[in-house]
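Worksheet for the structure shown next.
Protein chains in written order, with the working numbering: chain S, -16 to 81; chain U, 2 to 392.
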């Protein structure tokens, strides 16, 4: 198993998790979720928050998508992957292969 | 008006270091009547209510506050993301464990150089070894390690060595930011501004390190704005995203705005007298340069005014005496000659490579319960502070 911050495209088998210094909060004053690190405030919507909660380094991207489909009506193909890849680029998330 | 996302709490200006690049104000004694534990806790609670998400605990050296663990704990309970910006001095194993248990999210450790003699010389304090110990401790306790290096004429040539040291420390991130010339750094600008050759070499080293290290370590590199065509989008605009509360409770729209606040002759916006909500929304100091109505030309008619917001108000004030002028860094500024002259002086082949730096003054802390010993406290050598201004 190797740990990387580089997302390999079209790989649904990777297991994402928040980077160690990143924390998700719900901010009542703003009524929104955000991912926080010293240099990053990334406001995310409720679906994004649901994805992040499932990113536990155990589930694969494919499993997270399946889980979300069981909860929500509209989860397009590639949604989770794009969301994760974007966060990986911003150093907010890390992924494990294999 | 947006709500602020970040609060920089400068808990004390006391610091064991005396770095000449410090952005703390020159009049350090004006800030010795520090907020109490309870006052800071109230400020944090008001900040959270206002929508603040990130709390940066800085100084001076925030570990000089004996209540630092309590402060972190309070902030954590409010749901704030807590970031300690420290020299590492005062981070004993016990203190670090307490901070970890209190929920501290992140530690940023300042580094002066990779060479012990140079590091201790820049810090004007024997501190290099203690920083090595602090770095190990931070990793051992499971925090990610971010190193902050303020770059300047006297250490920028060692950037490769500093990157190697960061790798050896297993740092997750390193910020290599050239000095912003505020406070003590403003006083020392001529001895801190690197040459063009130094910058070119440094950039090449950073490029190579990024290629070599890939994603193993995040490298942030910030050039001195004196060498850029446009000014930095300072603070993303005046009183727009974040603000600072300094040790005596004055709130400032940016961490270097002490002198601007005095120069504008506006009433101080003190958390001892006003709520944070009032300060953010109503304080004259916070409204002064908000938006773009204050802008003179060339900013007013510039298509970039939403990109760089006229640059840094503090830099405009420091260089021209008028905080409302275009940041002289901008090549369109009528005052750009001031910056060109500084750059020319830095690159003058006839000047000595290194001259003397003026160390940041040491500052004592006022113990509010023992005012009778104030005079003595003031003469007690207490340490110093590396505060970094983010670009």
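Note that beta-carbon positions come from the ideal geometry of N, C-alpha and C, so glycine has one too.
Contact list for residue i against chain S, beta-carbon separation under 7 angstroms
{"i": "residue 337(U)", "result": "What residue 337(U) touches in chain S: nothing, since even the nearest Cβ is about 30 angstroms away."}
{"i": "residue 237(U)", "result": "Near residue 237(U) there are no residues of chain S at all, since even the closest Cβ is about 11 angstroms away, more than 7 angstroms."}
{"i": "residue 121(U)", "result": "Correct list: empty, because the minimum Cβ distance to chain S is about 27 angstroms."}
Straight-line Cα distance separating residue j from residue i
{"i": "residue 406(U)", "j": "residue 242(U)", "result": "Lying outside 2 to 392, the shown extent of chain U, residue 406(U) is not represented and no answer is given."}
{"i": "residue 93(U)", "j": "residue 232(U)", "result": "40 angstroms"}
{"i": "residue 29(S)", "j": "residue 67(S)", "result": "15 angstroms"}
{"i": "residue 63(S)", "j": "residue 48(S)", "result": "6 angstroms"}
{"i": "residue 186(U)", "j": "residue 248(U)", "result": "19 angstroms"}
{"i": "residue 359(U)", "j": "residue 276(U)", "result": "37 angstroms"}
{"i": "residue 168(U)", "j": "residue 149(U)", "result": "14 angstroms"}
{"i": "residue 263(U)", "j": "residue 59(U)", "result": "22 angstroms"}
{"i": "residue 310(U)", "j": "residue 317(U)", "result": "12 angstroms"}
{"i": "residue 303(U)", "j": "residue 41(U)", "result": "41 angstroms"}
{"i": "residue 3(S)", "j": "residue 78(S)", "result": "12 angstroms"}
{"i": "residue 1(U)", "j": "residue -4(S)", "result": "No statement about residue 1(U) is possible, as the shown extent of chain U runs from 2 to 392 and does not include it."}
{"i": "residue 194(U)", "j": "residue 346(U)", "result": "9 angstroms"}
{"i": "residue 118(U)", "j": "residue 125(U)", "result": "10 angstroms"}
{"i": "residue 348(U)", "j": "residue 356(U)", "result": "14 angstroms"}
{"i": "residue 57(U)", "j": "residue 351(U)", "result": "42 angstroms"}
{"i": "residue 79(U)", "j": "residue 10(U)", "result": "15 angstroms"}
{"i": "residue 295(U)", "j": "residue 19(U)", "result": "36 angstroms"}
{"i": "residue 197(U)", "j": "residue 183(U)", "result": "21 angstroms"}
{"i": "residue 82(S)", "j": "residue 60(S)", "result": "No answer is possible for residue 82(S): the residues shown for chain S start at -16 and end at 81."}
{"i": "residue 35(S)", "j": "residue 46(S)", "result": "13 angstroms"}
{"i": "residue 1(S)", "j": "residue 279(U)", "result": "36 angstroms"}
{"i": "residue 21(U)", "j": "residue 14(S)", "result": "43 angstroms"}
{"i": "residue 259(U)", "j": "residue 337(U)", "result": "23 angstroms"}
DSSP beta-bridge partners of residue i
{"i": "residue 149(U)", "result": "111(U), 176(U)"}
{"i": "residue 86(U)", "result": "109(U)"}
{"i": "residue 9(S)", "result": "16(S)"}
{"i": "residue 166(U)", "result": "Answer is none; residue 166(U) lacks a bridge partner."}
{"i": "residue 39(S)", "result": "0(S)"}
{"i": "residue 64(U)", "result": "Answer is none; residue 64(U) lacks a bridge partner."}
{"i": "residue 134(U)", "result": "DSSP lists no partner for residue 134(U)."}
{"i": "residue 271(U)", "result": "251(U)"}
{"i": "residue 244(U)", "result": "8(U)"}
{"i": "residue 24(S)", "result": "19(S)"}
Contacts that residue i makes with chain U (C-beta to C-beta distance below 9 angstroms)
{"i": "residue 24(S)", "result": "6, 7, 54, 55, 82, 242"}
Closer than 9 angstroms at the beta carbon, the chain S residues around residue i
{"i": "residue 109(U)", "result": "21"}
{"i": "residue 245(U)", "result": "Near residue 245(U) there are no residues of chain S at all, since even the closest Cβ is about 15 angstroms away, more than 9 angstroms."}
{"i": "residue 349(U)", "result": "Near residue 349(U) there are no residues of chain S at all, since even the closest Cβ is about 36 angstroms away, more than 9 angstroms."}
Listed by chain order, chain S residues near residue i by CB distance under 8 angstroms
{"i": "residue 49(U)", "result": "12"}
{"i": "residue 147(U)", "result": "4, 21"}
Assigned secondary structure, residue i (DSSP; H/G/I helix, E/B strand, else coil)
{"i": "residue 344(U)", "result": "helix"}
{"i": "residue 55(U)", "result": "strand"}
{"i": "residue 38(U)", "result": "helix"}
{"i": "residue -1(S)", "result": "strand"}
{"i": "residue 359(U)", "result": "coil"}
{"i": "residue 71(U)", "result": "helix"}
{"i": "residue 370(U)", "result": "Its pLDDT being 42, under 50, residue 370(U) is placed unreliably in this model, and the coordinates cannot settle the point."}
{"i": "residue 11(U)", "result": "strand"}
{"i": "residue 16(U)", "result": "coil"}
{"i": "residue 206(U)", "result": "helix"}
{"i": "residue 5(U)", "result": "coil"}
{"i": "residue 224(U)", "result": "coil"}
{"i": "residue 219(U)", "result": "strand"}
{"i": "residue 211(U)", "result": "helix"}
{"i": "residue 338(U)", "result": "helix"}
{"i": "residue 257(U)", "result": "coil"}
{"i": "residue 64(S)", "result": "helix"}
{"i": "residue 181(U)", "result": "coil"}
{"i": "residue 196(U)", "result": "coil"}
{"i": "residue 120(U)", "result": "helix"}
{"i": "residue 296(U)", "result": "coil"}
{"i": "residue 400(U)", "result": "With chain U covering 2 to 392 only, the question about residue 400(U) has no answer from this structure."}
{"i": "residue 236(U)", "result": "helix"}
{"i": "residue 264(U)", "result": "helix"}
{"i": "residue 287(U)", "result": "helix"}
For this session: Report yes or no: do three or more beta-carbon pairs, one from the region 328 to 338 of chain U and one from the region 221 to 234 of chain U, lie closer than 8 angstroms?
Result: yes
For this session: Taking a Cβ distance cut-off of 7 angstroms, strictly less, list which residues of the region -3 to 18 of chain S are near chain A, in chain order.
Result: Note that chain A does not occur in the displayed structure, where the protein chains are S and U.
Exercise. Do the region 22 to 32 of chain U and the region 98 to 107 of chain U touch if we need at least three Cβ pairs shorter than 8 angstroms?
Worked result: no
Exercise. Looking at C-beta atoms only, is the number of pairs between the region 310 to 323 of chain U and the region 278 to 288 of chain U that lie closer than 8 angstroms three or more?
Worked result: no
Exercise. Can at least three beta-carbon pairs, one atom from the region 207 to 224 of chain U and one from the region 162 to 181 of chain U, be found at a separation below 8 angstroms?
Worked result: yes
Problem set entry | Any 3 or more C-beta pairs closer than 8 angstroms across the region 70 to 80 of chain U and the region 32 to 52 of chain U | yes
Exercise. Does the region 132 to 139 of chain U touch the region 175 to 184 of chain U, meaning 3 or more C-beta pairs lie closer than 8 angstroms?
Worked result: no
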